[in-house]
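All remarks here apply to the structure that follows.
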Amino acid sequence: MKISIFGYGNIGSALTKQLTRAGHEVVLSGRDLEKAGAVASQYGATVLSIAEAAKASDVLVLAVHFDAVKDIVAAAGDLSGKVLIDPTNPLTADYMGLTLGYSTSASEEIAKLVPNANVVKAFNTLFAQVIDQGAEFGNAQASGFIAGDDAAAKQTVGTVLTSLGYSVVDAGGLVNARYLEPLAGLNIYLGYGAGRGTQIAPTWLAR
2 MKISIFGYGN
12 IGSALTKQLT
22 RAGHEVVLSG
32 RDLEKAGAVA
42 SQYGATVLSI
52 AEAAKASDVL
62 VLAVHFDAVK
72 DIVAAAGDLS
82 GKVLIDPTNP
92 LTADYMGLTL
102 GYSTSASEEI
112 AKLVPNANVV
122 KAFNTLFAQV
132 IDQGAEFGNA
142 QASGFIAGDD
152 AAAKQTVGTV
162 LTSLGYSVVD
172 AGGLVNARYL
182 EPLAGLNIYL
192 GYGAGRGTQI
202 APTWLAR
């Protein structure tokens, strides 16, 4: 699958690493193409401008801070029909709280910016360090939660997660990003606030 990633920080770099290893064709982009190139060269990814990267793939990943999404989608141009994977969390400056909640979510706000695209929440409950090291925790797999309103888009994102080894959990419509973002907040607290480190991940069990 051809996938464009916007962002070359911890999440963007980890996803580039794992997606290329899984055999996907990755295009990396962002506001600083030199920095994007430094990451892309490590994993055999291609670098394009934001607008070119948006055109190049049907699946796009917004691997940037939530506050930067507006500028990225504005530079991307027409995103009609694109699948937008949203791993963002609307975090406070100290990373210990959320700036949105109860009546909306980062994903829903992004969907308002790009009403003709199909936004799917995914990867937001996973530390970049977990993505970088892979989905396996001994004999268990980390859960890959997804939420979105378009069934085909969710199936596409589920396929991406499965290719990386995650156990896919369909969390329903995009409105349920209101639950997934606080779950990420709890994970961040446990990792940093409670000192449990970043090799942890919330996982849904069934029997």
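Using my numbering, the first residue of the sequence shown is number 2, and each one after it goes up by one. All residues carry an ideal CB built from backbone N, CA and C; glycine is no exception. As the structure is a prediction and not an experimental result, all values here were calculated from the model.
Run the CB neighbour count on residue i, radius 10 Å, all protein chains shown included, and call it buried at 16 or more, exposed below.
i, result
"D87", "buried"
"Q200", "exposed"
"R179", "buried"
"T89", "buried"
"N117", "exposed"
"N125", "buried"
"G145", "buried"
"K155", "buried"
"A94", "exposed"
How big is the Cα-Cα spacing for residue i and residue j?
i, j, result
"I147", "V170", "6 Å"
"E182", "A129", "15 Å"
"K3", "R197", "35 Å"
"N119", "A52", "18 Å"
"L85", "L114", "12 Å"
"L34", "I12", "16 Å"
"D133", "G102", "28 Å"
"A195", "T100", "21 Å"
"V27", "V161", "12 Å"
"T30", "K36", "Before going further, note that residue 30 is Ser rather than Thr in the sequence given. Going by the C-alpha atoms only, they are around 9 Å apart."
Taking the DSSP output, what are the residues bridged to residue i?
i, result
"Q142", "E137"
"V60", "I4 and V84"
Between residue i and the rest of its own chain, which residues show a CB-CB distance below 7 Å, the 5 nearest in sequence each way excluded?
i, result
"Q142", "A136, G166, Y167 and S168"
"A77", "I51, A52 and A55"
"I73", "F7, I51, L63 and V65"
For residue i, I'd like the list of residues in its chain whose CB is within less than 8 Å of its CB, leaving aside the five on either flank, ordered along the chain.
i, result
"G174", "A148, G149 and D150"
"G192", "F128, G198, T199 and I201"
Near residue i, what residues of its chain come up, given a Cβ to Cβ distance below 6 Å and the 5 sequence neighbours on each side ignored?
i, result
"S164", "A23"
Meets three-Cβ-pair contact criterion under 8 Å: the segment 59-66 and the segment 3-17:
yes
Count the C-beta pairs between the segment 18-25 and the segment 38-48 that are closer than 8 Å, then say yes if the count reaches three, no if not.
yes
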